[in-house]
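The sequence shown begins at 40 in my numbering and counts up one residue at a time. Just so you know, even glycine gets a beta-carbon here, dropped at the ideal spot from N, CA and C. Note sheet for the following structure.
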Amino acid sequence: MSNGLATALAIIVGVLVSPFVRIYDILTGAKVKEKADIKRREKRYNSLYEPMIQKLKKRDPIKDAQEVFKTEILYLPIDKNRKSYTGLWQLSVEVANDNNERLEKNEYIQKYAFALYGLDENEVGEKYIINFEYDELSMEYKKVFNLTMLELSTRK
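What follows is the structure, given as structure tokens:
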């Protein structure tokens, strides 16, 4: 059988079977259950993210970077255990190997560290739901903090 004929046959079979798949979903309520589960998880995750969002909105990444710079040079990684730093990706910045270890010990940052990194589905105990407001806010905070720290560390 030629590729074109096989493709055409697959399309025809798909068109003929698709109404039955929709009917099965309607009869079993699969889509309704799935949507309800997503809404339930969104509500749960959003309630967990709300304090983190409010904490970050009250912080000033420039002032925070300036405060941390008084004692050491630290950069905020994109995730807790990664060595990727938002705002520094395109720049040739050498970040100290022990940056993340020192970050965990920095008393100033530890005051609000819970708000810097998203929720872990292992901690919450169910599949992750993205909170776009939090993701955007935390990425912007880390970017401004990191660029401010870079600027402070390269001044002469």
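Q. Per DSSP, what kind of secondary structure is K109 in: helix, strand or coil?
A. Looking at K109 - three-state DSSP - the assignment turns out to be coil, as it is neither helix nor strand.
Q. Exposed or buried, which one is S177 when buried takes at least 16 other CB atoms within 10 Å?
A. buried
Q: Consult DSSP for P90 and reduce its assignment to one of helix, strand or coil.
A: Residue state, collapsed to three classes: helix.
Q. Which value, in whole angstroms, describes the spacing of the CA atoms of E190 and A47?
A. 60 angstroms
Q: Can you grab the Cα-Cα spacing for the pair W128 / G43, in whole Å?
A: 45 angstroms
Q.
Please tell me whether M91 and A135 are closer than 7 angstroms, where the distance is taken between their beta carbons.
A. No; because the gap between Cβ atoms is not below 7 angstroms, this pair is not in contact.
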